[in-house]
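**Q**
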Amino acid sequence: MSRVRGPGASQSAAAKCAVILLAAGLLAASIKWRAATFFDASSPTVRLSSASIHSTVEDRRSQGSQPNPIIVDVDATRSGVENTSLLQTISEDLAAGGSASESGTVSMHASRERGRSSFVTWARLDTLPATISWGTLVPSGDISIYAVHSRDGAAVCVRNLGPNDIVLSLRLRLAPAPYKIERLKLPVRRPSETAVLSSSLTPSALSGTSNREASVENLRGRDLAKTGRTTIPMTVRSKGITLIRFTDAAFVSRCALNEVRDRLKLLPKSSAELSRRLHVILDGAAGCDKALTSFYGLPADVRRASVHRFLLVLGQVDALLRNFRGQSGSQPDRATELHDAVLRLNESLADVSATLLGLVPAIVLSNKSPEQSAHGDQPGFGADGPASEARHTMFATVGLVNQGEHSAELVKIGIDRNRLPDGVECEPADPAFFGSLKPNQTAKSTYVLHWQGASAPDLAGIVGDISYFASGAPAHLYPRTW
């Protein structure tokens with residue numbers, strides 16, 4: 011039986027079309043707002059900040075530059091034979107690449123251990139060696155590889171002294187865990203040479219805006235349900251070193267959680283009431299331990315929800331401790347130490363969240379604006395006048411790439427102003443707000459940093475601040491320049 015549509019049906023269809031057109035117009039306006047650029051014409055140097063969200067395009071140049079990559083197998087579940095001479099050579103190269111200039115104007119050296127390279131410490135190269143085997147013949151003796159493993163994870167260092175770039179297929183066997191993966195690239199240097207300003211590169215969607223020689227790049231993490239092998243394609247530049255670091259984010263989170271519990275035991279001596287309230291809050295998230303890894307067989311969505319529920323609880327703890335420290339005025343040592351431990355736990359749990367969701371945070375420092383980089387213009391770095399009075403400008407692009415299968419909601423991207431080095435100003439002051447970051451999309455925002463004087467600031471103090479919602483709770487990521 012056919013149905014006859016009356017005038018009311020036609021009006022209803024017309025109304026629906028009008029609603030659809032209105033929604034499309036609002037979406038277009040939203041996209042235009044997100045890509046807006048802000049200018050300050052009152053400044054002699056144009057100050058700008060741009061925010062945008064766009065589709066991610068994979069860059070496969072590093073994989074396609076050589077048809078047959080060198081295959082290297084590393085077993086991070088077994089200890090190998092320590093090559094003391096190679097470790098010493100690599101350590102010396104890394105120390106030369108990360109040392110500061112005599113004038114102190116440009117520095118990448120931020121080692122926590124006196125007399126040791128920060129790169130060696132970062133890569134944990136002083137831990138147990140891992141076994142290495144070559145899947146194909148090595149073309150020359152100019153390539154050397156050293157790998158280590160520990161309870162924190164694993165790291166692989168590739169050193170290329172040859173005249174040509176090499177392409178590797180790194181196949182790493184790892185224990186089950188969610189792994190945060192980072193890649194450090196830097197040139198092989200003579201001890202008399204010094205490194206340039208550091209930057210943290212992004213996946214291909216954010217590359218092209220940094221012109222630094224040494225760089226740290228966040229890669230998409232891996233969540234292994236059982237002991238298995240993961241493959242990382244990589245290109246090692248001629249006369250260069252590449253370090254790949256795998257960090258067990260669940261282990262780091264458990265260590266941070268244990269530290270919070272230990273600090274909490276000492277708190278009653280400072281404030282019994284505060285201790286009681288914190289116990290009530292933290293005890294409600296006791297089941298988060300099993301959600302940190304897939305070892306217990308929990309579904310992925312349950313693990314994500316549990317981790318974010320604990321992040322929500324930590325937000326309450328953070329607010330309570332900030333309020334207590336603000337009211338006490340003297341900021342008792344035990345409360346301060348507990349608060350620092352809570353912040354470390356918050357960051358490590360956010361790393362677990364990013365790994366489970368396939369989110370990759372990034373920060374890029376450049377002396378060119380994105381527009382200058384796109385058009386090949388000369389950098390607008392520095393200013394006229396005596397060095398002690400010069401006003402310098404640098405651009406920081408902070409971004410988030412979604413390489414997973416789920417959307418991140420209410421994404422906010424900015425610079426952590428509380429950690430900026432002394433004398434450094436950031437424009438604009440407010441973060442950029444985005445809606446939903448869908449799979450294969452990238453959100454990024456550029457900020458202008460200013461400082462005055464002859465010496466460069468400590469770049470370790472320039473930290474991105476990225477927040478997003480997943481499973482109904484927020485998470486914060488803090489990509490660092492080094």
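Residues in the sequence shown are numbered consecutively from 11, following the numbering used here.
For glycine and all other residues, C-beta sits at the position ideal for the given N, C-alpha and C.
Computed from a prediction, not measured in an experiment: that's the story for all the values here.
Alpha carbon to alpha carbon, how far is Asp-175 from Leu-96? Give it in angstroms, no decimals.
**A** Cα to Cα, the separation comes out at about 21 Å.
**Q** Specify, as a first and last residue, the run of the alpha helix (DSSP H) that His-289 falls within.
**A** His-289 -> alpha helix (DSSP H) spans 282 to 293.
**Q** Rounded to whole angstroms, what is the Cα-Cα separation between Ser-154 and Val-370?
**A** Roughly 29 Å between the two C-alpha positions.
**Q** So what does Pro-243 bridge to, in DSSP terms?
**A** Ser-179, per the DSSP bridge assignment.
**Q** I need the straight-line Cα distance from Pro-213 to Val-411, nearest angstrom please.
**A** With a pLDDT of only 38 at Pro-213, under 50, the local geometry of the prediction cannot be trusted, and the value read off the model is given with reservation. About 8 Å.
**Q** Three-state secondary structure (DSSP) at Ala-472?
**A** With the sequence shown as reference, residue 472 is identified as Ile, and Ala is not the correct amino acid for it. Of the three classes helix, strand and coil, the one that applies to Ile-472 here is coil, per DSSP.
**Q** Among Tyr-156, Leu-321, Thr-346 and Pro-186, which residue has its Cα nearest to the Cα of Ser-101?
**A** Of the candidates Tyr-156, Leu-321, Thr-346 and Pro-186, the one whose C-alpha sits nearest the C-alpha of Ser-101 is Tyr-156.
**Q** If we count the other Cβ atoms within 10 Å of its Cβ and call it buried at 16 or more, is Thr-237 buried or exposed?
**A** Thr-237 should be labelled exposed.
**Q** With a threshold of 8 Å on Cβ separation, who are the neighbours of Ala-4 within its own chain once the five nearest residues in sequence on each side are excluded?
**A** Because the chain in this structure spans residues 11 to 492, residue 4 falls outside the shown range and cannot be described.
**Q** For the beta strand (DSSP E) that Arg-230 lies in, which residues bound it at each end?
**A** Looking at the DSSP string, the run of the beta strand (DSSP E) that includes Arg-230 is 225 to 234.
**Q** In whole angstroms, what separates the C-alpha of Asp-440 from that of Val-421?
**A** Their Cα atoms are separated by approximately 14 Å.
**Q** Could you check if Glu-2 is buried or exposed, using at least 16 other CB atoms within 10 Å of its CB as the buried criterion?
**A** Absent from the model: residue 2. The displayed extent of the chain is 11 to 492, so no value can be given.
**Q** Since Leu-302 contacts Arg-273 with CB under 8 Å, what's their CB separation in whole angstroms?
**A** With 8 Å as the limit, Leu-302 and Arg-273 do not qualify as a contact, their Cβ atoms being about 20 Å apart.
**Q** Looking at the structure shown, is Tyr-478 part of a helix, part of a strand, or coil, going by DSSP?
**A** The answer is strand: DSSP assigns Tyr-478 an E or B state.
**Q** In this structure, does DSSP put Trp-461 in helix, strand or coil?
**A** It is a strand residue.
**Q** Excluding the five sequence neighbours on either side, which residues of its own chain have a C-beta within less than 7 Å of the C-beta of Pro-201, listed in chain order?
**A** A caution first: Pro-201 carries a pLDDT of 44, below 50, which makes its placement in the model unreliable, though a value can still be read off. Same-chain partners within the cutoff: Ala-106.
**Q** Enumerate in chain order the residues of its own chain whose CB-to-CB distance from Val-434 is below 8 Å, with the five nearest sequence positions on each side excluded.
**A** Here the set comprises Leu-459, His-460, Trp-461, Pro-467, Gly-471 and Ile-472.
**Q** In this structure, does DSSP put Thr-94 in helix, strand or coil?
**A** Note: Thr-94 maps to helix in three-state DSSP.
**Q** Does DSSP classify Gln-451 as helix, strand or coil?
**A** Three-state DSSP puts Gln-451 in a strand.
**Q** Can the beta-carbon of Tyr-267 be found less than 8 Å from the beta-carbon of Val-327?
**A** At residue 267 the sequence reads Leu, which differs from the Tyr that was named. No. Outside cutoff.
**Q** Work out the CA separation of Leu-284 and Ile-476 for me, nearest whole Å.
**A** Their backbone Cα atoms lie some 29 Å apart in a straight line.
**Q** According to DSSP, what are the bridge partners of Ala-360?
**A** DSSP lists no partner for Ala-360.
**Q** Just tell me which of Val-374, Arg-88 and Ala-260 has its CA closest to the CA of Lys-454.
**A** Nearest option by C-alpha distance: Val-374.
**Q** Within 7 Å: the Cβ of Val-317 and any heavy atom of the ligand FMN?
**A** The ligand FMN is absent from the structure shown, which contains no ligand whatsoever.
**Q** Between the Cα of Asp-258 and the Cα atoms of Lys-190, Thr-452 and Thr-241, which residue gives the shortest distance?
**A** Checked all of Lys-190, Thr-452 and Thr-241; the closest Cα to Asp-258 is Lys-190.
**Q** Pull up the DSSP beta-bridge partners for Trp-144, would you.
**A** Val-82, per the DSSP bridge assignment.
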